[in-house]
Structures are given as C-alpha cells and as structure tokens.
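The next block holds one structure in the form of structure tokens; read it before the comments.
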Amino acid sequence: MEPFLEAFFSIDTDHSERITIRELQDYVKRNNIDQSMVKRWQVLFDANDSGVITLDEFCKTLGIRPSEARAYNANMVRASHGPSLPREVDVITATLPFDQQVDIVNEVMRLTRNEPFDENLVSKQLKQFLDRQYGRMWHVVITKGSSWCSFSYEPKTSFFFQLRKYTYLAWKTPS
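When we follow the working numbering, the leftmost residue of the sequence shown carries the number 2, and every step to the right adds one.
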C-alpha cells in the first residue's frame, strides 16, 4: 500500500487530492517510469473516465480510508521536515532515538535560557522531566570542563551533548 500512497502524494504536487492525467504523465516522464503506468492507473483509479483521479477514488480502490492516507502523508511530510538540533549543540555520543534527543535539548534550552542559572536545580528539573516523559530511573550530570565516567544503562537511553560551556550527560538505568 505504501508505494501507491507515496506515488499518489508525489504526483499530487499541488496538494489538491486530485491527480490529472497530465500530472500523471509528467510524473512518469520525470521519473523515467514506463508509460504504461498512466493507462494502468486510469483503469484502476479513474473508473468514471473523468481524466482525474481523486484521493477518495484512489483509496476506495485500494480498500483504505482517505483519513488513513492523509495521516500517512502527514507523517511522510513530518519525517522529511523532521526536527533538528540547534547548531550550538555538539553531540558527544548518543544511543537515544533522535526525536528524544531533540526533546531533551529543547528542555535544557528552556531551563537554561536565563543565565546565570543554578546548575543543581537544572539537573533536578531535567531529571524530573526525563522521569515524567520516558519513565523513571534517569540520571543527569551537568559539568564544565573535563569529566570521566563509567556506567551501565538501558539500551538506547544515553545522550551526552555539549551546549554552550556545559556538557550534559543523561542516561537511564533499569528500575
């Protein structure tokens, strides 16, 4: 199903939820696809031979709800314009999923927006945030300068990064 949805939304460049035969022909030409795709799609998705394939007709033929197709497209768009880390963040090491890294950096930036800040308070607040968002047993270290550490952690739950003059270490241990 996904390749069909990807194709539909790639062809529908004006986001009208309608594909004209001309748009379909342009897509085929632009992507070096066999011209027979145009006729196959007309037969499959343009039952009333109107010269337009609507998202509703398309979904009906595929047996999916238009709302599911729209949700799929929204997720594709979000993924392609996904979140990013600010330029001033230097990731030292991370096993944490990227979206969670972004959440943590955003929280640190929120907590430290007014300098000077209380490092002890920020570490407590960041730990509370992590425990609340991702389950208990997070550990947070905020340091300036050099540091060394050895530790055990749950898989995919460590994130060490530098922001401005501080290094932030966060990891989760099994409860």
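For each residue, glycine too, the CB sits at the ideal point set by N, CA and C.
State the Cα-Cα distance for the pair residue i and residue j, rounded to the nearest angstrom.
i	j	result
residue 143	residue 8	47 angstroms
residue 140	residue 126	11 angstroms
residue 153	residue 17	52 angstroms
residue 32	residue 19	19 angstroms
residue 21	residue 72	22 angstroms
residue 149	residue 91	17 angstroms
residue 134	residue 52	50 angstroms
residue 86	residue 49	49 angstroms
residue 15	residue 56	13 angstroms
residue 61	residue 98	36 angstroms
residue 121	residue 167	13 angstroms
residue 138	residue 147	25 angstroms
Tell me where the alpha helix (DSSP H) around residue i begins and ends.
i	result
residue 173	Residue 173 -> not in any alpha helix (DSSP H); beta strand (DSSP E) instead, spanning 167–173.
residue 12	3–12
Report yes if the C-beta distance between residue i and residue j is below 9 angstroms; otherwise report no.
i	j	result
residue 65	residue 161	no
residue 103	residue 169	no
residue 29	residue 44	no
residue 96	residue 176	no
residue 117	residue 100	no
residue 24	residue 12	yes
residue 5	residue 74	no
residue 113	residue 63	no
So if DSSP puts residue i in a beta bridge, which residue, or which two residues, is it bridged to?
i	result
residue 139	173
residue 160	95 and 171
residue 90	164
residue 144	168
Could you give the residue range of the beta strand (DSSP E) that holds residue i?
i	result
residue 20	19–21
*Length-filtered (4 minimum) alpha helix (DSSP H) runs lying within the segment 43–88*: Counting only runs of at least 4 residues, the segment 43–88 fully encloses the following alpha helix (DSSP H) elements, listed from N- to C-terminal order: 56–63 and 67–81.
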